[in-house]
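A.B. asks: Protein chains in written order, with this note's numbering: chain A, 1 to 242; chain B, 1001 to 1658. Note that the Cβ used here is the ideal one computed from N, Cα and C, for glycine as well. Can you keep this structure in mind? I'll have questions shortly.
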């Protein structure tokens, strides 16, 4: 049996890395005594599979992981209340928000998720500057960024993956943006988007924006948009969704 | 900070800095087991600080034990801090922010006591840096009544003289009881308002607590280069400070809530201390000398701490900690209990300190069924003669038995630890290290064609309160020559990988380990010239240390390389780990005679002083030595060829490779 767990990450714990979060989950799952399946071999690992890595420092309301349960022990598992039970084992700032059973044949989160919605709080920028930069970007045919890949500088056009970008509201000493950015074949990072704008809305390290992942989306071939929990629910009954 | 001031939370000012530093999770706290105590004028506050990075410091068991004990008191509060990495330090200084606790992000300067764990001499410059970052004057003499008290504990405190200028009080030995006594006195002083001019009186009172040494209460006189006298400044200050010893570990089942970090640290697993102290008597080993006598934790308590700890933390690995862990008389029971514990799932057990024998390998095989890591043995020296000198009485057949047993049970690689630069060491002894490595690989080839051995060699640094405290350390050139000797000998040898410790780091460690108070200026010089994180190769600079010595008119030869004589007053002679000085001297002479000394756990007492002096005894569950191996009492000490080597009394041995 495979479970998909949704969780959020807020506050101080946002400074943990993707690897850190994986370890936090391994320990939390052991504490709940959930019969997690282990890999074979010399160094058996629990079979967990995480979605798109969240950059260290970003917060999220939409994180997911898939957990394989040991078929010999998991059959008569009582899933009611598991969301609350899991949250109790997570550190302050991380909360489980839902659990569903998914079909093992479903594509992994990495493969299935097509875009993410981001809330981006940019400091030291006024609304009109931000609006102008956004308008220019949306009107452009291409939006070039340079990034390092395997030690080589690569130039990419991220414009096709900017599905949405708008000023949401002014905030104290800055402005809040909402962006929907594509993840296939390779996810666009929020910092990459901001640095591609003219003028760039965030200089790395100096006025680091506060970033929140609001949603992850799975858009099917026929254009239907689901979140990773509801796409699972389409195939099986939800259990204890908070 | 005046008593009664509200507690400051620096988090809002630290948070914007964190996206700009490497590994920001070092600074967030949030550990499972973290406490966020209330502070107030009626509560004595401790900031337990490890003067190296979070990853190294977080697992430190000593700090975690004291953190819990203090927080259990209604009249006290404890938090933790770690040395900020250089990127974070730069930002803190730029923003005018101080060292802070990770628990509530409270400025270090708002605590009553900042207490450091000192496990390695090369962290001394970080100690000074942390005091400075806390906004406290680095010299104890310059501190005012309102400043926090700077305390230190840990193994380095058996010669705290090089850092005497920077610290207010030193705790020798086990801290569990001593910190309670200190809290009582400091609490009373705090409730009375820390009035101007009362700090000296407090320090004088503190110096009367058993196990507490207050350097400023002692006058130090020199006669030329030599130390002439260390004299208490008041009649009620003890002439000799004895270490504190907890008689029964069963009374202290700590940590009860081991901290589980949110980010990766060096020993990211449950740790349960199975005993404290060691009487194997390895003469180079400071830890074995200063932590006597042996005090075992009852096996039932160990099994319970493991089971409860694993369930609480969610770890799948537990480490049984002690010196020479296989000597724990309850080892078989604990193994059986843990392996059969249904409540904790698949668990692997680490024995960080293995004994060199087949019994130990059998235990390791049983314990590592779930996940098999490498095996590490520490024969320490390459020849039987040399091992008699250092009293590490492992015969070659013991080592080969252990190694063959391990290869036959599926291990493919193992690590062997050695020291070079030991007293009376000849090139034959050094080359014996390579020979042992080669022979081990040959044995392994019988079982696996890819069998390999890592031979790890460290330069020996003589330590205070050991029989080798009189020995002149090998020069850096000599240590380097010995490493070269091994490199040349092992060149082209398949399956043996040689690793060695930076010989320059051994020199810097030598400068600080047996120094006197004149070394304070050297440490300050290195710190002022940017020499923090000296344990990190990318920051270590031997040139800075040598420059600092020269700038202060001090000599490497005198502090590091020269042999001390019996009548010399050593800088730590007014501090006692319980060992009689005449016992240490006799053991030093025995070493030069290549005479081994048996483990007193299972043989009659030879009166080293650690038990008799304190009216305590070994606490062991079994009066018989553990099964297997020659390191019990059954060894024939006269085995091996006798090579008469005498030690010159005041010249370094074999300098320059003659």
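Below 8 Å, is the gap between the Cβ of residue 144(A) and the nearest heavy atom of the ligand HEM?
C.D. replies: As presented, the structure is devoid of all ligands, the ligand HEM included, so that no description of it is given.
A.B. asks: Could you have a look at residue 39(A) and say whether DSSP puts it in helix, strand or coil?
C.D. replies: coil
A.B. asks: What is the DSSP secondary structure of residue 1386(B), reduced to helix, strand or coil?
C.D. replies: helix
A.B. asks: I'd like to know if the region 1271-1278 of chain B and the region 1317-1334 of chain B are in contact, where contact means that at least 3 CB-CB pairs between them fall below 8 Å.
C.D. replies: yes
A.B. asks: Any beta carbon of chain A sitting closer than 9 Å to that of residue 1064(B)?
C.D. replies: The beta carbon of residue 1064(B) does not come within 9 Å of any beta carbon belonging to chain A, so the residue lies off that interface.
A.B. asks: When you check each C-beta in the region 1044-1058 of chain B against every C-beta of chain A, which residues fall closer than 9 Å?
C.D. replies: none
A.B. asks: I'd like the list of long-range same chain contacts for residue 1306(B), defined as Cβ closer than 6 Å, with 5 residues on each side in sequence excluded.
C.D. replies: 1272, 1318 and 1338
A.B. asks: What number of angstroms, rounded off, separates the C-alpha of residue 1436(B) from the C-alpha of residue 1490(B)?
C.D. replies: 11 Å
A.B. asks: List the residues of chain A whose Cβ lies closer than 8 Å to the Cβ of residue 1018(B), in chain order.
C.D. replies: 15 and 57
A.B. asks: Starting from residue 176(A), trace the beta strand (DSSP E) both ways and give me its first and last residue.
C.D. replies: 174-182
A.B. asks: Select from 1323(B), 1619(B), 1594(B) and 1011(B) the residue whose C-alpha is nearest the C-alpha of residue 1106(B).
C.D. replies: Of 1323(B), 1619(B), 1594(B) and 1011(B), the residue nearest in Cα terms is 1011(B).
A.B. asks: Let me check understanding here. Comparing Cα to Cα, which of 1164(B), 1143(B) and 1110(B) lies closest to residue 1127(B)?
C.D. replies: 1164(B)
A.B. asks: With a threshold of 8 Å on Cβ separation, who are the neighbours of residue 69(A) within its own chain once the five nearest residues in sequence on each side are excluded?
C.D. replies: Excluding positions up to five away in sequence, the list reads 1, 2, 3, 34, 35, 36, 37 and 77.
A.B. asks: Using three-state DSSP, classify residue 1163(B) as helix, strand or coil.
C.D. replies: helix
A.B. asks: Any beta carbon from chain A within less than 9 Å of residue 1035(B)'s own beta carbon?
C.D. replies: Not closer than 9 Å to any Cβ of chain A, the Cβ of residue 1035(B) fails to qualify, so no.
A.B. asks: In chain order, what residues of the same chain have a beta carbon less than 6 Å from the beta carbon of residue 1618(B), not counting five sequence neighbours either side?
C.D. replies: Beyond the five residues adjoining it in sequence on each side, residue 1618(B) comes within less than 6 Å, by CB distance, of 1293, 1294 and 1601 in the same chain, given in chain order.
A.B. asks: Who are the Cβ neighbours of residue 194(A) in its own chain at under 8 Å, not counting the five residues just before and after it?
C.D. replies: 120, 122, 200, 201, 202 and 209
A.B. asks: Please confirm whether residue 72(A) has its beta-carbon closer than 9 Å to some beta-carbon of chain B.
C.D. replies: False, the Cβ-Cβ gap to chain B never drops below 9 Å.
A.B. asks: Can you give me the C-alpha to C-alpha distance between residue 1417(B) and residue 1458(B), rounded to a whole angstrom?
C.D. replies: Approximately 8 Å, taken between the alpha carbons.
A.B. asks: Strictly under 9 Å for the Cβ-Cβ distance: is residue 166(A) near chain B by that measure?
C.D. replies: no
A.B. asks: When you compare the CB of residue 1447(B) with every CB in chain A, is at least one pair closer than 9 Å?
C.D. replies: No, no contact with chain A.
A.B. asks: Could you give the first and the last residue of the continuous alpha helix (DSSP H) run that contains residue 1189(B)?
C.D. replies: 1175-1191
A.B. asks: Residue 28(A) versus chain B: which residues are under 9 Å apart at the beta carbon?
C.D. replies: 1314
A.B. asks: Against residue 31(A), what residues of chain B qualify as contacts under a CB-to-CB distance less than 8 Å, listed in chain order?
C.D. replies: 1311, 1312, 1313 and 1314
A.B. asks: Roughly how many angstroms lie between the CA atoms of residue 1257(B) and residue 1477(B), to the nearest whole one?
C.D. replies: About 47 Å.
A.B. asks: Does chain A have any CB closer than 9 Å to the CB of residue 1027(B)?
C.D. replies: So yes, residue 1027(B) belongs to the interface.
A.B. asks: Roughly how far, in whole angstroms, is the beta-carbon of residue 1101(B) from the beta-carbon of residue 1047(B), given that I think they are within contact range, below 8 Å?
C.D. replies: 6 Å
A.B. asks: May I ask you to report which of helix, strand or coil DSSP gives residue 1234(B)?
C.D. replies: coil
A.B. asks: How many whole angstroms separate the CB atoms of residue 25(A) and residue 54(A), which I take to be in contact at a CB cut-off of 8 Å?
C.D. replies: The pair is not a contact, with the Cβ atoms about 13 Å apart (cut-off 8 Å).
A.B. asks: Given a limit of 8 Å on CB to CB distance, which residues of the region 79-91 of chain A reach chain B?
C.D. replies: 89 and 91
A.B. asks: To the nearest angstrom, report how far apart residue 1103(B) and residue 118(A) are at their CA atoms.
C.D. replies: 30 Å
A.B. asks: Taking the straight line between their C-alpha atoms, what separation do you get for residue 1298(B) and residue 1261(B)?
C.D. replies: Their backbone Cα atoms lie some 28 Å apart in a straight line.
A.B. asks: So is residue 5(A) in contact with chain B if we call contact Cβ pairs under 9 Å?
C.D. replies: no
A.B. asks: So residue 1215(B) and residue 1160(B) are supposed to be a Cβ contact under 8 Å. How far apart are they, rounded?
C.D. replies: 7 Å
A.B. asks: So what does residue 215(A) bridge to, in DSSP terms?
C.D. replies: 117(A)
A.B. asks: Checking contacts by CB at 9 Å: is residue 40(A) closer than that to chain B?
C.D. replies: no
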